[in-house]
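Have a look at the structure below, then the notes.
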Amino acid sequence: MSRLEKVHVKKGDQVLVLSGKDRGKKGKVLRSFPAEGKVLVEGINMVKKHTRRKQRVEGGIQDQPAPMVSSNLMVICPACKAPTRLGRMQLKDGTRVRACKKCGENIDK
Ligand SMILES: [Zn+2]
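Numbering (the numbering used here), first residue to last: 1 to 109.
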């Protein structure tokens with residue numbers, strides 16, 4: 001694996017949390033931070049954050065997702081709907097994509 005593949009999940013992936021307080025929960029990846037090996041997942045790893053008062057939003061304490069380690073996540077295959085390990089495959093044009101190890105589907109479509 002190259003450095004760039006340290007984070008195996010990408011923005012838009014549905015993921016399952018494997019450990020920690022959110023174990024068993026599912027969510028959508030909002031952002032990835034490859035340099036830290038972390039991702040931000042919708043509704044997962046929520047923390048209380050103090051926010052400044054903005055134009056229309058009240059200041060105060062809000063729940064926000066915090067980045068979490070991507071190795072605690074498993075991608076849910078959009079084709080077979082199962083949490084799966086990812087393999088790699090090469091398309092005819094040479095593009096390398098991620099593939100579901102269960103059904104073999106290209107999940108980077
Ligand atoms: Zn699959």
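The C-beta atom is built at its ideal place from N, Cα and C for all residues, glycine as well.
Since the structure is predicted, the reported quantities are computational estimates derived from the model, not experimental observations.
Burial state of residue i (16 or more Cβ within 10 Å)
i, result
"Val9", "buried"
"Val47", "exposed"
"Arg22", "Checking the sequence, you will find Asp at residue 22 rather than Arg. By the neighbour-count rule (16 or more Cβ atoms within 10 Å), Asp22 is buried."
"Lys101", "exposed"
"Gln90", "exposed"
Residue i beta carbon near ligand 1 (any heavy atom closer than 7 Å)
i, result
"Lys10", "no"
"Lys102", "yes"
"Glu42", "no"
"Glu36", "no"
"Thr84", "yes"
Residue j beta carbon less than 8 Å from that of residue i
i, j, result
"Val75", "Lys38", "no"
"Val41", "Gly24", "no"
"Arg31", "Lys11", "yes"
"Gly43", "Pro65", "yes"
Through-space distance from residue j to residue i, alpha-carbon basis
i, j, result
"Leu86", "Val97", "10 Å"
"Leu16", "Leu73", "6 Å"
"Cys103", "Lys92", "19 Å"
"Cys77", "Leu18", "15 Å"
"Ala35", "Val7", "9 Å"
"Asn106", "Arg88", "9 Å"
"Asn45", "Ala79", "26 Å"
- Task: Within the segment 50-98, note down every full beta strand (DSSP E) run reaching 3 residues or more, in order along the chain.
- Result: Counting only unbroken stretches of 3 or more residues, the beta strand (DSSP E) elements lying wholly within the segment 50-98 are 60-65, 73-76, 86-90, in sequence order.
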